[in-house]
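In the numbering used here, the protein residues as written are 1424 to 1601. Even glycine gets a Cβ: it sits at the ideal position worked out from N, Cα and C. Fair warning: this is a prediction, and the values are worked out from it, not measured in the lab.
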């Protein structure tokens, strides 16, 4: 019931903006393993080190993001840190999303919170030792993670900068294509 009250307070414009941004970021692509259970996670991401499974980002309180505060959600998306303080595997492109504006991250959160909650725990990752040690991700972050904000290139047009934000930040194209 509390979730319904929250959703009724959410701005339709903010939900629409969040939907646009979630589509641009292709959240559904990695957070959906079954097309009838959008955003419920469980999508297998094969890596050379083993398989990582995506998390549920529906508003379910226990298995999704329903219990995340705004700051916890922003930290997960932009810094790759879970609610419990452990690091996310970089299959989540937080190194690209680090430059996403807080407002855009929160608009995505608003859109996701307006979805139907689905109870679906994430399958266990199948990473052998030492790749299953989340503390070791700190070393990866030291070498690869560059937080910051998106900087407009004043020598380019507004359309060019918008395209750069869509490709480099939201679309995280370089995460797979470089």
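Is the Cβ-Cβ distance between residue i and residue j less than 8 angstroms?
i, j, result
"residue 1537", "residue 1440", "no"
"residue 1534", "residue 1447", "no"
"residue 1552", "residue 1473", "no"
So, at 8 angstroms on beta carbons, what are the nonlocal neighbours of residue i in its own chain, with the 5 sequence-adjacent residues on each side left out?
i, result
"residue 1567", "1513, 1518"
"residue 1450", "1462, 1480, 1531, 1535"
"residue 1569", "1518, 1521"
"residue 1592", "1519, 1520, 1522, 1523, 1573"
With distance defined between alpha-carbon atoms, name the residue in the options nearest to residue i.
i, options, result
"residue 1437", "1532, 1596, 1499", "1532"
"residue 1515", "1486, 1504, 1576, 1587", "1504"
"residue 1507", "1558, 1468, 1521", "1558"
"residue 1522", "1580, 1594, 1583", "1594"
"residue 1577", "1550, 1587, 1571", "1587"
"residue 1547", "1442, 1599, 1468, 1571", "1468"
"residue 1574", "1564, 1565, 1562, 1589", "1589"
"residue 1501", "1571, 1584, 1550", "1571"
"residue 1497", "1483, 1564, 1528, 1482", "1528"
"residue 1493", "1525, 1556, 1564", "1525"
"residue 1549", "1490, 1563, 1470, 1443", "1470"
"residue 1487", "1545, 1581, 1596, 1442", "1545"
Excluding the five sequence neighbours on either side, which residues of its own chain have a C-beta within less than 6 angstroms of the C-beta of residue i, listed in chain order?
i, result
"residue 1560", "1510"
"residue 1580", "none"
Please name the residue or residues paired with residue i in a DSSP beta bridge.
i, result
"residue 1510", "1504"
"residue 1476", "1467"
"residue 1455", "1464"
"residue 1549", "1474"
Near residue i, which residues of its chain fall below 7 angstroms by C-beta distance, leaving aside the five closest residues on each side in sequence?
i, result
"residue 1584", "1575, 1576"
Handout entry: contact_flag[the segment 1541-1552, the segment 1457-1468] where n(CB pairs < 8 angstroms) is 3 or more
Key = yes
Problem - Sufficient close CB pairs (3 or more, under 8 angstroms) joining the segment 1470-1489 to the segment 1442-1459 - result: yes
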